[in-house]
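Participant:
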Amino acid sequence: MFIILRYTLMLVAVFSLIVVLLPLIEFVSGVLENPACFKIDVVEQRPVDYESIEVRIYISYCSNVPLKEVRICIGDREILFGSIIRGEHVKEVAISRKELEKGLKKIEFSIAGLYRLRFSALASIYTGFCHCFISFPRISLGFSSGLKTFKDAP
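Take a look at the structure:
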């Protein structure tokens with residue numbers, strides 16, 4: 504009798520784990536297969552005044568996993584996109600030239616409301632490294648990669 508209960512509990516635990524890990528696995532595999540799956544473009548539109556300029560920010564996303572609370576920091580300015588699903592999303596903002604010169608500092612989003620990813624570029628123009636932090640309820644993992652920031656790209 505206890506053997507049936509044990510196997511039932513083990514099956515429930517395995518299926519629950521699969522349901523919790525599936526969005527992260529699908530997002531990571533989609534981005535690894537197609538690096539252009541999550542792409543951000545910042546295009547200058549027109550000057551607003553001497554100090555600021557209007558920019559259009561494009562986010563292209565090709566996965567079926569919804570991203571929630573998408574935030575992008577350019578300089579000290581934080582731009583909130585909210586939830587995005589497959590397709591292209593556009594936001595127009597006025598930003599100062601100084602902040603635009605500082606470049607992309609941080610990208611933060613939540614995968615299906617379960618995992619929060621934060622990519623933050625180091626302030627140094629010489630290193631060209633990005634840090635990624637993945638947090639899940641009370642667990643945080645961090646790693647670095649040699650990704651180039653917008654400022655460092657040729």
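Residue numbers (the working numbering): 504 to 657. Every residue gets a Cβ at the ideal spot worked out from N, C-alpha and C, and that includes glycine. None of the values given here were measured: they were computed from a predicted structure.
Can you tell which of 553, 575, 571, 601 has its C-alpha closest to the C-alpha of residue 560?
Facilitator: Position 57 of the sequence shown, counting from 1, holds the residue named residue 560. When the alpha-carbon of residue 560 is set against those of 553, 575, 571, 601, the nearest one is in 575.
Participant: Going by beta-carbon coordinates alone, are residue 567 and residue 588 separated by less than 9 Å?
Facilitator: Along the sequence shown, read from residue 1 onward, the residue named residue 567 stands at position 64. Along the sequence shown, read from residue 1 onward, the residue named residue 588 stands at position 85. The answer is yes: Cβ separation under 9 Å.
Participant: Report yes if the C-beta distance between residue 606 and residue 569 is below 9 Å; otherwise report no.
Facilitator: Taking the sequence shown and counting its residues from 1, the one referred to as residue 606 is at position 103. Taking the sequence shown and counting its residues from 1, the one referred to as residue 569 is at position 66. No, the pair does not count as a contact, with Cβ atoms beyond the cut-off.
Participant: Buried or exposed for residue 601, please, with buried defined as at least 16 other CB atoms from any protein chain shown within 10 angstroms of its CB.
Facilitator: Position 98 of the sequence shown, counted from the start, is the residue given in the question as residue 601. Residue 601 is exposed by the Cβ-count criterion.
Participant: For a test of the three-state rule: what should DSSP assign to residue 533, helix, strand or coil?
Facilitator: Translated into positions along the sequence shown, residue 533 becomes position 30. DSSP places residue 533 in helix when its eight states are reduced to three.
Participant: Note down, one range per segment and in chain order, each beta strand (DSSP E) of at least 3 residues found wholly within the segment 516-566.
Facilitator: 541-550, 555-564
Participant: Answer yes or no: do residue 551 and residue 597 have a C-beta to C-beta separation smaller than 9 Å?
Facilitator: For the purposes of this step, residue 551 is taken as residue 48 along the sequence shown, with counting starting at 1. For the purposes of this step, residue 597 is taken as residue 94 along the sequence shown, with counting starting at 1. A contact, by the Cβ cut-off of 9 Å.
Participant: At 4 residues or longer, what runs of the alpha helix (DSSP H) sit wholly inside the segment 575-609?
Facilitator: 600-605, all fully within the segment 575-609.
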